[in-house]
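The opening residue of the sequence shown carries number 373 in our numbering; numbering runs sequentially from there. C-beta atoms are modelled at their ideal positions from N, C-alpha and C, and glycine is treated no differently. Predicted, not measured: the structure shown is a model, and the values here were computed from it.
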Amino acid sequence: MSLVEDITEKKKSEEIIENSLKEKTTLLSEIHHRVKNNLAIVSGLLQLQKNEVKDEKVTAAFEQSINRIISIAMVHELMYKSPELSSVNIHTYLDMLIPAIAAAMNDHNRNIEFKIEIDEYKLNINQAIPIGLLLNELITNSFKYAFQDQNDGYIKIELSSSEQSVTILYEDNGSGFGEESNFDKPKNLGLNLIHTQLQQLDATYKVDTENKFKLEFTFESETYETIER
Numbered sequence: 373m374s375l376v377e378d379i380t381e382k383k384k385s386e387e388i389i390e391n392s393l394k395e396k397t398t399l400l401s402e403i404h405h406r407v408k409n410n411l412a413i414v415s416g417l418l419q420l421q422k423n424e425v426k427d428e429k430v431t432a433a434f435e436q437s438i439n440r441i442i443s444i445a446m447v448h449e450l451m452y453k454s455p456e457l458s459s460v461n462i463h464t465y466l467d468m469l470i471p472a473i474a475a476a477m478n479d480h481n482r483n484i485e486f487k488i489e490i491d492e493y494k495l496n497i498n499q500a501i502p503i504g505l506l507l508n509e510l511i512t513n514s515f516k517y518a519f520q521d522q523n524d525g526y527i528k529i530e531l532s533s534s535e536q537s538v539t540i541l542y543e544d545n546g547s548g549f550g551e552e553s554n555f556d557k558p559k560n561l562g563l564n565l566i567h568t569q570l571q572q573l574d575a576t577y578k579v580d581t582e583n584k585f586k587l588e589f590t591f592e593s594e595t596y597e598t599i600e601r
């Protein structure tokens, strides 16, 4: 009789734990959904304000802020749709994000080719968001400065992994940095944000700004998982 009672109690405990996990998963999914919707509202409000502004510099500032919000919202959208809710397929994320940024920045008078090679793997949301923000700033800077005086060019983005280490390469064949600019001593918001995201990832990096821009950085993944197809 005691054995039967023990088994019954164990089964009840397992059911309670399972139901609790389901409730937490549902709650977390709802949080991601609400965050995504709230960010969409903020983005929409900024878009309305941007439409009322005639100054090109102010318009560009609004556009950059909207792109930053979109890069965060896309992560929460993927998390909402994912059964795991704590990690994101970085390939899927950047496959959505990069074309969106490029479309917002390109004036269609320039022929900028994207060369993208991204490994299939999952990353923790705490690292996926900084990567999205970082690439948003890098692509924006390329269009604003590197290709300012040229109609043709390329942007190369490569993501590779080795065990727990993730390496990202970003390169454009634009004009490089002028004498008044220094990547390691940023004077504008874009470069400051790039450095902030590198610090958040605790990444080591090397940069080449002579007649081009090339940034390669490596960081340790918090929750790495290769995706096989």
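* **Contact set for GLU449: own chain, Cβ-Cβ below 7 Å, skip 5 residues either direction** => LYS408
Q: Give me the Cα-Cα distance between VAL414 and ALA474, rounded to the nearest whole angstrom.
A: 21 Å
Worksheet entry | Rounded separation between GLY548 and HIS463 - CA only | 28 Å
*asked:* Can you tell me whether ASP467 is helix, strand or coil according to DSSP?
replied: helix
**Request:** Kindly give me the distance between the Cβ atoms of GLY504 and LEU469, rounded to whole angstroms, as I take these residues to be in contact under 8 Å.
**Result:** 6 Å
For this session: Measure the beta-carbon distance from THR512 to MET477 and round it to whole angstroms, keeping in mind my assumption that it falls under 8 Å.
Result: 6 Å
Q. Span of the alpha helix (DSSP H) holding ASN439?
A. 428-453
Run through DSSP, which three-state label would PHE555 get?
coil
Can you tell me where the beta strand (DSSP E) with ASN496 in it begins and where it stops?
493-496
Pull up the DSSP beta-bridge partners for ILE484, would you. GLY525
Would you kindly check if the distance between the Cβ of ILE441 and the Cβ of LEU510 is under 8 Å?
no
- [ ] Please list, in chain order, all residues of the same chain as ILE488 whose beta carbon is under 7 Å from its beta carbon, the five residues on each side excluded.
- [x] ILE470, ILE529
TODO: Check SER458 in the structure and name its three-state DSSP category.
DONE: coil
Go ahead and label GLN436 buried or exposed: buried means 16 or more other beta carbons lie within 10 angstroms of its beta carbon, across all protein chains shown.
buried
**Asked** Is it the case that the Cβ atoms of SER458 and ASN496 are separated by a distance below 8 Å?
**Response** yes
Which one of MET446, ASN423, ALA433 has the shortest CA to CA distance from LEU411? MET446
* In angstroms with no decimal places, state the Cα-to-Cα distance between LEU570 and ARG406. => 28 Å
*TYR577 versus ASN583: straight-line alpha-carbon distance, rounded*: 19 Å
Alpha carbon of GLU535 to alpha carbon of GLN419, nearest angstrom
41 Å
Q) Out of LEU466, SER532, LYS516, LYS557, which has the shortest C-alpha to C-alpha gap to ALA544? A) Correcting the residue type first, residue 544 is Asp in the shown sequence and not Ala. Residue LYS516 is the option with its Cα nearest to ASP544.
Return the residue from the list GLN522, LEU507, LYS494, PHE519 that minimises the CA-CA distance to SER537. LYS494
Distance CB(GLN499)-CB(GLU594) smaller than 8 Å = yes
*Consult DSSP for THR581 and reduce its assignment to one of helix, strand or coil.*
coil
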